[in-house]
Amino acid sequence: VGDFYRGCQHFHGRYYTGKVVDCMSPTCKTSAHHRHKTSRHCLCIAVSTELRRVQNLIHTPFEGCAYARY
Numbered sequence: 003v004g005d006f007y008r009g010c011q012h013f014h015g016r017y018y019t020g021k022v023v024d025c026m027s028p029t030c031k032t033s034a035h036h037r038h039k040t041s042r043h044c045l046c047i048a049v050s051t052e053l054r055r056v057q058n059l060i061h062t063p064f065e066g067c068a069y070a071r072y
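The sequence shown runs 3 to 72 under the numbering used here.
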């Protein structure tokens, strides 16, 4: 949960909710569609994507964003 700055498309997270989104990829270790579920030595990467919920929508750029300066 956090603030979204429309001026620079920056998301500033306030706190972590623990809710994650499944990427549905067969090559992702944390996905429900992972193809190597029983393998001991899987080389797939583990990606965890947080569900980003916007608490405040701010129309100005984020003050610490380098993208907004250019």
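Glycine is no exception: its CB is placed at the ideal position from the N, C-alpha and C atoms.
Which residues does DSSP pair with residue i in a beta bridge?
i: T51; result: V23
i: C30; result: I47
Measure the C-alpha to C-alpha separation of residue i and residue j and round it to an integer number of angstroms.
i: H36; j: S50; result: 13 angstroms
i: C25; j: T62; result: 31 angstroms
i: K39; j: S27; result: 13 angstroms
i: H10; j: G66; result: The residue you asked about is not His; residue 10 is Cys in the sequence shown. Using only the alpha carbons, I get a separation of about 10 angstroms.
By the three-class DSSP mapping on this structure, what secondary structure does residue i have?
i: Q11; result: coil
i: V3; result: coil
i: C46; result: coil
Rounded to whole angstroms, how far is the Cβ of residue i from the Cβ of residue j, which I believe are closer than 8 angstroms?
i: I60; j: F6; result: 7 angstroms
i: V3; j: R42; result: Contact flag wrong, Cβ pair sits at about 37 angstroms.
i: T19; j: L53; result: 7 angstroms
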